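S.K.: Pasting a structure here, questions to come.
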Amino acid sequence: INDLLDLSSLDAGGLRLNLAEMDIRSVAASVHENSMPAALAGGVNLQINCDSPSSRIWGDAHRLEIVMTNLVSNAIKFTRKGGRIEIRVADLDGGVQVEVEDTGVGIPQDDLPRVFERFFQANPTDRRREGGVGIGLALAKELVELHGGVIGVASPGETGTTFSFFLPFGLDHIRPEVIERRQQFEETAIHRRSDDASDVQIDPHLPLPGGDGAVVQAVGDYSDGVETVPFVSGRRPRVLLAEDNPEVREFIRTLLDPRFEVMEAENGVSAWELVQTESPDLVVSDVMMPEMSGTELCRAIKNDPSLRSIPVILLTARVGSEATLDAYAHGADDFIAKPFHPRVLLARIRAQLNLRALALHLAQQEKLAVVGLMSAGILHEVRNPVNAILNASRAMTSKTLDETTKRQLLEVIGDAAVRIEEITSALDTHARPAEAGETPTCDLREGMEATLKLIRHRLDGITIHRDFATDRLAKAPAGPMNQVLLNLVDNAVRMGAKNLWASIHAEESSIVVKVGDDGPGVPKTDVDRLFDPFFTHRPQSDGTGLGLFLSRKMVEEAGGSLKYEDRSGGGALFVAVIPALPLEPELGREPDAG
Numbered sequence: 084i085n086d087l088l089d090l091s092s093l094d095a096g097g098l099r100l101n102l103a104e105m106d107i108r109s110v111a112a113s114v115h116e117n118s119m120p121a122a123l124a125g126g127v128n129l130q131i132n133c134d135s136p137s138s139r140i141w142g143d144a145h146r147l148e149i150v151m152t153n154l155v156s157n158a159i160k161f162t163r164k165g166g167r168i169e170i171r172v173a174d175l176d177g178g179v180q181v182e183v184e185d186t187g188v189g190i191p192q193d194d195l196p197r198v199f200e201r202f203f204q205a206n207p208t209d210r211r212r213e214g215g216v217g218i219g220l221a222l223a224k225e226l227v228e229l230h231g232g233v234i235g236v237a238s239p240g241e242t243g244t245t246f247s248f249f250l251p252f253g254l255d256h257i258r259p260e261v262i263e264r265r266q267q268f269e270e271t272a273i274h275r276r277s278d279d280a281s282d283v284q285i286d287p288h289l290p291l292p293g294g295d296g297a298v299v300q301a302v303g304d305y306s307d308g309v310e311t312v313p314f315v316s317g318r319r320p321r322v323l324l325a326e327d328n329p330e331v332r333e334f335i336r337t338l339l340d341p342r343f344e345v346m347e348a349e350n351g352v353s354a355w356e357l358v359q360t361e362s363p364d365l366v367v368s369d370v371m372m373p374e375m376s377g378t379e380l381c382r383a384i385k386n387d388p389s390l391r392s393i394p395v396i397l398l399t400a401r402v403g404s405e406a407t408l409d410a411y412a413h414g415a416d417d418f419i420a421k422p423f424h425p426r427v428l429l430a431r432i433r434a435q436l437n438l439r440a441l442a443l444h445l446a447q448q449e450k451l452a453v454v455g456l457m458s459a460g461i462l463h464e465v466r467n468p469v470n471a472i473l474n475a476s477r478a479m480t481s482k483t484l485d486e487t488t489k490r491q492l493l494e495v496i497g498d499a500a501v502r503i504e505e506i507t508s509a510l511d512t513h514a515r516p517a518e519a520g521e522t523p524t525c526d527l528r529e530g531m532e533a534t535l536k537l538i539r540h541r542l543d544g545i546t547i548h549r550d551f552a553t554d555r556l557a558k559a560p561a562g563p564m565n566q567v568l569l570n571l572v573d574n575a576v577r578m579g580a581k582n583l584w585a586s587i588h589a590e591e592s593s594i595v596v597k598v599g600d601d602g603p604g605v606p607k608t609d610v611d612r613l614f615d616p617f618f619t620h621r622p623q624s625d626g627t628g629l630g631l632f633l634s635r636k637m638v639e640e641a642g643g644s645l646k647y648e649d650r651s652g653g654g655a656l657f658v659a660v661i662p663a664l665p666l667e668p669e670l671g672r673e674p675d676a677g
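Residue numbers (this note's numbering): 84 to 677.
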């Protein structure tokens, strides 16, 4: 059924390759392992020979696994008990060749040119006995050609057949239209119907924070009256207005109320309490207020890691560059001098909401990219043992199995179950949230091990050097810190590293994590921009350019730092310094979280 669906997708032009640099030997090893139960049940000796030192190509691991599985399954069907099948991988000039040779029933010379035709069946009598509809080889051929490769078959006649396919190195041979590309966010421009600032619009499809998915729509002129603002889950964007003058506060509230959900505060202290309890989408604050000024309120918001992304617009009667610089020095996102035109205030509010929504959307895109990265690893790691269990279980139903074969099949099932438990445990470690009310803590050593396990499928050919000298807990949330570790390891993999160094050790009040590689490193001209949003130093990068930017942001929100250094001996080195959970002086250990 899956082969038929894939062929239908190919016919419709809808099948795409999810390309990555990979070692095809690992795919061959996976197919060999998954096919062993069927081979054992049939009394066939299934061997693998991957002597090639490095068989790294660009390809879709899942699709190439289908190709090899179909070739090996075909060989098992036509190889009698006591026969032999060998999978071989070898580097040739300009690419990699994979061969599947069997000692089973051969293919007549007249049938060889038609073997890869859909629904064609050589040896039709044997084929009916074994089952199948004649599409496995056809799909294998089309998937190989989708990779820009070639596939062929050779058979002397009555006995023995060898299927082989060749995949070139590099990417130039793969047609761009068949490559799966991550959906790019199409930035919606700020539109103006005229020079009037009131016409600034916010993209109606970008969700705002708070969990309810509130969305702002374009607003008409100030004189147009009350426009319709769509509700999503019953909530409009929340704007906190802090103003000590009752008349000015009432005027601004009247202006904003039809468009937003407005919360009011008569001084900075009240506003700060509302910010902490209500987490508004935006704050509009007067500068000169009793008890706590607008600039002090702004500084408090920007100094709180959980609140600093909230935009703050300051209003002041002071004019001139000094007042503007003072506002921005305290972290304000925008600054408006009194008196102001209502349209200007509305335009600035919408612009800030648009920018925040855009930033959140892009951050979410990067998180989805990370989820996709982990999902590929989870799919790869879980699918193989599940297939092994299914194949072994089916083989166990045979009444002709001897006790030795049964024991071998049971061992296959047991080993596969252990592998599934390992990957689910790693996923639990990586995604485990902090309990409500707990001090956020993170075992970085455990997180690094889970990270390496979740993307193990991408680490083929890379030697991992571990140096974990502490099991001290970090005072930081596990989820974001594990995402940072994943981003740093993934960055090394994408740079083509052959060696990766991961070290974790404790200092007085912090834990230092270092991730180094022996890749090409970062050009000196790019180092200063390395953590800028949307910047990438990798040629032909398929990323968003946000991974390192968000990693530094998450580390800094936890009170730490992340920097880049040239690694001694060549390559790149990223150093994260993260606050450690304080030790109890009398016992020399961490206090219980809570």
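Where is the CB? At the ideal position from N, CA and C, for every residue including glycine. Being a predicted model, the structure only gives us computed values, none of them experimental.
#1: In whole angstroms, give me the CA-to-CA distance for V172 and A124.
#2: Let's test the definition: count the other Cβ atoms within 10 Å of the Cβ of T337 and tell me whether it reaches 16, buried, or not, exposed.
#3: From the DSSP output, in three-state form, read off S118 for me.
#4: Just the Cα atoms here: how many angstroms apart are A420 and V427?
#5: Per DSSP, K597 is paired with what?
#6: Does the distance from the C-beta atom of R382 to that of H413 stay below 8 Å?
#7: With a threshold of 16 other CB atoms inside 10 Å of the CB of L102, please say whether the residue is buried or exposed.
#8: Shortest alpha-carbon distance to G231 belongs to which of G219, D143, E330 and D340?
#9: R479 by DSSP, collapsed to three states: which one?
#10: Quick check on R555: does DSSP put it in helix, strand or coil?
#11: V660 and S586: beta carbons closer than 8 Å?
#12: Quick one: grab the DSSP three-state call for G178.
#13: Only counting the same chain, and skipping five residues up and downstream in sequence, which positions put a Cβ closer than 8 Å to that of E104?
#14: If I follow the unbroken beta strand (DSSP E) through N128, where does it start and stop?
#15: Straight-line CA distance for N328 to A415?
#16: What does the Cβ neighbour count give for N132, buried or exposed, with the cut at 16 atoms within 10 Å?
#17: Alpha carbon to alpha carbon, how far is P560 from R650?
#18: Three-state secondary structure (DSSP) at S316?
#19: Would the segment 106-126 and the segment 172-182 be scored as touching if the rule is three or more Cβ pairs under 8 Å?
#20: L398 and V358 - do their beta-carbons sit closer together than 8 Å?
#21: Quick one: what does DSSP say R139 is sitting in, helix, strand or coil?
#22: Just verifying my parser: in three-state terms, what is the DSSP assignment at A415?
#23: Between which two residues does the beta strand (DSSP E) containing V233 stretch?
#24: Does the beta-carbon of P468 have 16 or more other beta-carbons within 10 angstroms, so that it is buried, or is it exposed?
#25: Could you pull out every residue in the same chain whose Cβ sits closer than 7 Å to the Cβ of L129, ignoring the five residues on either side in sequence?
#26: If you count every other CB in all the chains shown that lies within 10 Å of the CB of D550, and 16 or more means buried, which is it?
#27: Could you have a look at R466 and say whether DSSP puts it in helix, strand or coil?
#28: Give me, in chain order, the residues of the same chain whose beta-carbon lies closer than 7 Å to that of T534; leave out the 5 immediate sequence neighbours on both sides.
#29: Label L147 either buried or exposed according to how many other C-beta atoms from any shown protein chain fall within 10 Å of its C-beta, with 16 as the threshold for buried.
#30: DSSP has S247 in a bridge; who is on the other side?
#31: On a CA-only basis, which of V188, R332, S376 and N153 is nearest K224? Give me that one, please.
#32: What is the DSSP secondary structure of I80, counted as helix, strand or coil?
#33: Return the chain-ordered list of same chain residues with a C-beta closer than 7 Å to the C-beta of V495, the five sequence neighbours on each side being excluded.
#34: Cutting at 8 Å between CB atoms, please list the residues of its own chain near K385, excluding the five before and the five after it.
#35: Compute the Euclidean distance between the alpha carbons of V127 and A552, then round it to the nearest angstrom.
#36: What are the residues that DSSP puts in a beta bridge with V358?
M.R.: Based on what the coordinates show:
#1: On the sequence shown, residue 172 is found 89 positions in, with the first residue counted as 1. On the sequence shown, residue 124 is found 41 positions in, with the first residue counted as 1. Going by the C-alpha atoms only, they are around 25 Å apart.
#2: Walking along the sequence shown from the start, residue 337 turns up at place 254. With fewer than 16 other Cβ atoms within 10 Å, it is exposed.
#3: Start at 1 with the first residue of the sequence shown, and residue 118 comes out as number 35. Three-state DSSP puts S118 in a helix.
#4: Translated into the one-based positions of the sequence shown, residue 420 becomes position 337. Translated into the one-based positions of the sequence shown, residue 427 becomes position 344. Cα to Cα, A420 sits roughly 10 Å from V427.
#5: As a first step, residue 597 is located in the sequence shown; it is residue number 514 there, counting from the start. Note: K597 sits in a beta bridge opposite S586 and V658.
#6: To locate residue 382, count along the sequence shown from 1; it is residue 299. To locate residue 413, count along the sequence shown from 1; it is residue 330. Cβ atoms of R382 and H413: closer than 8 Å.
#7: To locate residue 102, count along the sequence shown from 1; it is residue 19. Per the 10 Å Cβ criterion, buried.
#8: In the sequence shown, counting from the first residue as 1, residue 231 sits at position 148. Answer by Cα proximity: D143.
#9: Here residue 479 refers to the residue found at position 396 when the sequence shown is read from its first residue. With the sequence shown as reference, residue 479 is identified as Met, and Arg is not the correct amino acid for it. Reduced to three states, the DSSP call for M479 is helix.
#10: Looking up residue 555 in the sequence shown gives position 472. It is coil, neither helix nor strand.
#11: Mapped onto the sequence shown, residue 660 falls at position 577. Mapped onto the sequence shown, residue 586 falls at position 503. No; because the gap between Cβ atoms is not below 8 Å, this pair is not in contact.
#12: In the sequence shown, counting from the first residue as 1, residue 178 sits at position 95. In this structure, G178 counts as strand in the three-state DSSP scheme.
#13: In the sequence shown, the residue the question calls residue 104 occupies position 21. For E104, where only same-chain residues beyond five positions count, the Cβ hits under 8 Å are R139, I140, W141 and G579.
#14: Within the sequence shown, the letter at position 45 stands for residue 128. Where N128 is concerned, the enclosing beta strand (DSSP E) stretches over N128 to N132.
#15: For the purposes of this step, residue 328 is taken as residue 245 along the sequence shown, with counting starting at 1. For the purposes of this step, residue 415 is taken as residue 332 along the sequence shown, with counting starting at 1. Approximately 21 Å between the Cα atoms of the pair.
#16: Taking the first residue of the sequence shown as 1, we reach residue 132 at position 49. Result: exposed.
#17: Residue mapping note: residue 560 aligns to position 477 of the sequence shown, counting from 1. Residue mapping note: residue 650 aligns to position 567 of the sequence shown, counting from 1. P560 and R650: Cα-Cα distance of roughly 28 Å.
#18: Here residue 316 is taken as the residue at index 233 of the sequence shown, counted from 1. Bear in mind that a pLDDT of 40 at S316, under 50, signals an unreliable position, so the number given afterwards is only what the model happens to contain. Reduced to three states, the DSSP call for S316 is coil.
#19: yes
#20: Indexing the sequence shown from 1 puts residue 358 at position 275. Indexing the sequence shown from 1 puts residue 398 at position 315. In this structure, L398 does not lie closer than 8 Å to V358 by Cβ.
#21: As a working mapping, residue 139 is identified with position 56 in the sequence shown. Strand, per DSSP.
#22: Against the sequence shown, residue 415 aligns to sequence position 332. A415: coil per DSSP, three-state reduction.
#23: Taking the first residue of the sequence shown as 1, we reach residue 233 at position 150. Per DSSP, V233 belongs to the beta strand (DSSP E) from V233 to A237.
#24: The sequence position of residue 468 within the sequence shown is 385, counting from 1. Answer is buried; the Cβ neighbour count reaches 16.
#25: As a working mapping, residue 129 is identified with position 46 in the sequence shown. Counting only Cβ-Cβ distances below 7 Å, and skipping sequence neighbours, we find H115, S118, M119, A122 and I168.
#26: Position 467 of the sequence shown, counted from the first residue, corresponds to residue 550. D550 should be labelled exposed.
#27: The residue labelled residue 466 in the question sits at position 383 within the sequence shown. Residue state, collapsed to three classes: helix.
#28: Within the sequence shown, residue 534 is the residue found at index 451, counting from 1. Excluding positions up to five away in sequence, the list reads H513, N565, L568, L569 and V572.
#29: The sequence position of residue 147 within the sequence shown is 64, counting from 1. Classification for L147: buried.
#30: Along the sequence shown, one-based indexing puts residue 247 at 164. According to DSSP, S247 bridges with E182 and G235.
#31: Taking the sequence shown and counting its residues from 1, one reaches residue 224 at position 141. Cα-wise, what sits closest to K224 is N153.
#32: Any answer about residue 80 is impossible in this case: the structure gives the chain only from 84 up to 677.
#33: Within the sequence shown, residue 495 is the residue found at index 412, counting from 1. Excluding residues within five positions, the ones whose Cβ falls inside 7 Å are M119, P120, A471 and A475.
#34: On the sequence shown, position 302 is the one that residue 385 refers to. If we look at K385 and ignore the five residues flanking it on each side, its Cβ neighbours are R391, V395, H413 and G414.
#35: Stepping through the sequence shown from its first residue, residue 127 is reached at position 44. Stepping through the sequence shown from its first residue, residue 552 is reached at position 469. Near 48 Å, if we compare the C-alpha coordinates of A552 and V127.
#36: On the sequence shown, residue 358 is found 275 positions in, with the first residue counted as 1. None; V358 has no bridge partner.
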